[in-house]
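For the sequence shown, this note's numbering gives the first residue as 4, with consecutive numbering after it.
Glycine included, C-beta positions come from ideal geometry on N, C-alpha and C.
The structure appears below as structure tokens.
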Amino acid sequence: METSTHTELDYRSYWEQAFPWLEYLSAEVQMHRELWEGVYRKTRVPDWVVERMREIGGEWKLLVISEDWCGDAVNLVPVLARFAEAVPAVEIRIVKRDENPELMDLYLTNGSRSIPLAIILSESFEPAGRWGPRPAELQERIVQEKQAGLRPAREIYRDARAWYARDRGESALRELLGIFAAASVRGA
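This is how it looks when you write it as structure tokens:
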């Protein structure tokens, strides 16, 4: 069986079938809805992020792969949504991981279907980068903790939630800015 490559995949079709943020939040988020809404309500995008995106320029789309049960998605997808609201040149839509395995399987993290995952698309729907499933600092910490096997997963994830609360989405936004800047330089 042939598998799709990034260039063969019809990102425009995924985009057109994806949920706009508020529709996803109201109609698709069933688990932990209060947490999703709370993170969204509390998230603020710093002015320096908006200014940096103005400097980068271009028109962009964030196609986010997510599921409502995912603790990382709860803490990050609302941040990505606020980012798209604050930056007129960025639009966001969400697809469900479990309903889109062909897309998800192109963006595995160490062989795993880890989410959330943001696919950065140019205005012509060409893939220009990817981000996720967590900010690099937290991802590295969790991978090391799991490999060491010294603490139960519930403790590791409790610490991750505390990390997200302290960080307030800024690490994710910094990393995204780097991806947008690199894509802009490449002419994506």
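Residues near residue i by beta carbon distance below 8 Å, same chain, minus five either side
i, result
"W18", "K64, L66, R96, L124, F128"
"W39", "L28, V32, D71, V77, V80, P81"
"R189", "A131"
"L176", "V48, P49, V52, V82, F86"
Neighbourhood of residue i by C-beta distance below 6 Å, restricted to the same chain and skipping five residues each side
i, result
"T8", "Its pLDDT being 49, under 50, T8 is placed unreliably in this model, and the coordinates cannot settle the point."
"R137", "D75"
"L179", "W134"
"I68", "V98, R100, M107, I118, L120"
Residue i in three-state terms, based on DSSP
i, result
"L120", "strand"
"R96", "strand"
"N78", "helix"
"P49", "coil"
"E40", "helix"
"E62", "coil"
"W72", "coil"
"L12", "coil"
Closer than 7 Å: residue i CB and nearest the ligand FMN heavy atom
i, result
"S174", "Of ligands this structure carries none, so the ligand FMN is not represented either."
CB of residue i within 8 Å of CB of residue j, strictly
i, j, result
"V93", "A84", "no"
"E140", "S174", "yes"
"M56", "V98", "no"
"I122", "R100", "no"
"G135", "L120", "yes"
"I59", "A184", "yes"
"L111", "L12", "no"
Continuous beta strand (DSSP E) stretch holding residue i: start and end
i, result
"A30", "It is not in any beta strand (DSSP E) - A30 carries neither H nor E in the DSSP assignment."
"P130", "130-134"
Residue i - partner residues in DSSP beta bridges
i, result
"P23", "R96"
"V67", "I97, A121"
"S115", "T112"
Alpha helix (DSSP H) segment containing residue i, residue limits
i, result
"Y160", "156-170"
"S174", "173-189"
"E126", "Here E126 belongs to no alpha helix (DSSP H), and DSSP marks it neither H nor E."
"L141", "139-151"
"L106", "104-107"
Contact set for residue i: own chain, Cβ-Cβ below 7 Å, skip 5 residues either direction
i, result
"Y167", "N78"
"H35", "D71, V77"
"E5", "Note that E5 has pLDDT 37, beneath the 50 cutoff, so the model's placement of it is unreliable and the number below is only indicative. Taken in chain order, the list of residues that qualify is empty."
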